[in-house]
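Everything below concerns the one structure shown next.
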Amino acid sequence: MAVLAEETTRDRLYNFTSRFQIFIILILIVAVFSALRFDSFATFANFRNVLVQAAIFSVMAVGATYVIITKGVDLSVGSILVFSGVAAAKVMEALGDQGWPIAIVGIIVACLSGLMWGIVNGLLVAKAKVPPLIATLGTMGIIQGLALILSGGIDLKDAPYVLGDVIGFGSFLGLPVLAWIAAAVIIIGGVVLKITKFGRHTFAVGSNSHAALEMGINTERHLIKVYALAGFLAGLAGILSLARFGSTTISGHATDNLQVIAAVVIGGTSLFGGVGSVFTTAVGVFIPAVLTTGLVMVGAQSFWRDVLVGMVLIGAVYFDQIGRQSKK
């Protein structure tokens, strides 16, 4: 009986740590930097800075969570962000106004551009049966090239001032508007994944696509919807980036896709499909953001962030494999 009790306690401890490990890691990172630089790190100003850094990646990571749950991957989100920003900037420049009507047109153009490319990715994966890695790697290059052609290879800076004043640098109740938008996307994405039929079908397709098909789920159509969602949110991130930086920053998003995937996997979404949560993905996005600000404040090179994130990423995948083997 004592052995059984000991095993039960161990199992409970394992289940607790595996379920909340991402929160534990984030708390430990915050605690370390707070201890080292409490006067500068543990401040409301730094908290706002971290929120802004995480906001745009959070929007893209919500869509990436859905994709990875279906056992897929989308390497094109960074290129979609750039293309959507370029398309929106070109349209707003052609219309030549600084008011909200033109800004709204730009927002619609960016989101529709992302949606279009997301549908293309979905068709390649679901209908053409191209592996997601290859399909989105190919579209990544195509989209990036077209963005450079449209912009002439230069950053466009003719976005309406209201975008930057209200969305890029605006605040509501003391918090950045970008953070409120990201929070809305996270909440909606998390609720849809958890309690709706669309969310249940997403998990079913990722767990066993053949069984999902036998259950009556149109797996091809669902995959197209999932990739379309990821593209749409990448397009939204494109207009948010344009609002924040006042420029399309074409060369500044080369590694966005890898950072988004890393945040999703660190957040507990399994690369093997069928397991994931938007809310833990949001926590995963904060780890690189906190590391970036913390390392700068302690006087370390920000390049160490990539080293530490890589270590956490490998650890997350390793423990995911261990958990799957123990269940089997």
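The sequence shown runs -2 to 325 under the numbering used here. Heads up, the beta-carbon is just placed ideally off N, CA and C, and yes, glycines get one too.
Pairing residue 119 with residue 250 gives a Cβ-Cβ distance that is not under 7 Å. A Cβ-Cβ contact shorter than 7 Å links residue 216 with residue 209. For residue 227 against residue 63, the beta-carbon gap comes to about 6 Å, under 8 Å, which counts as contact.
The DSSP-derived three-state label of residue 153 is coil. Distance from the CA of residue 255 to the CA of residue 72, rounded to the nearest whole angstrom, comes to 7 Å.
Within the model, the alpha-carbon separation for residue 127 versus residue 121 is close to 6 Å. Using a 10 angstroms sphere on the CB of residue 97, the tally of other CB atoms stays under 16, which defines it as exposed. Contact annotation: residue 162 and residue 245 have beta-carbon atoms that are not nearer than 7 Å. Residue burial annotation: residue 140 is buried, with at least 16 other C-beta atoms found within 10 angstroms of its C-beta.
Beta-carbon to beta-carbon, residue 57 and residue 23 are separated by about 19 Å, too far to satisfy the 8 Å threshold. Cβ-Cβ separation between residue 173 and residue 45: approximately 6 Å, consistent with a contact (criterion under 8 Å).
Excluding sequence positions up to five before and after residue 54, its CB lies within less than 7 Å of the CB of 256, 257, 260 and 282, all in the same chain and listed in chain order. By the beta-carbon neighbour count (other beta carbons within 10 angstroms, threshold 16), residue 168 is exposed. Taking a C-beta distance under 7 Å as the contact criterion, residue 123 and residue 220 qualify as a contact pair. Straight-line spacing of the CA atoms in residue 312 and residue 87 works out to 43 Å. Residue 181 is classed as exposed because its beta carbon has fewer than 16 other beta carbons within 10 Å across all chains shown. Here DSSP, grouped into helix, strand and coil, assigns residue 35 to helix. Put simply, of 270, 236, 242 and 247 the residue whose alpha carbon is nearest the alpha carbon of residue 129 is 270.
Residue state for residue 128 is assigned as coil, using DSSP reduced to three classes.
With contacts defined as CB atoms closer than 7 Å, residue 187 and residue 300 fail to qualify as a contacting pair. For residue 172, the secondary structure class from DSSP, reduced to helix, strand or coil, is strand.
Where residue 105 is concerned, the enclosing alpha helix (DSSP H) starts and stops at 97 to 123. Pairing residue 233 with residue 49 gives a Cβ-Cβ distance that is not under 7 Å. Comparing C-alpha distances from residue 114 to each of 222, 291 and 252 shows the shortest one belongs to 222.
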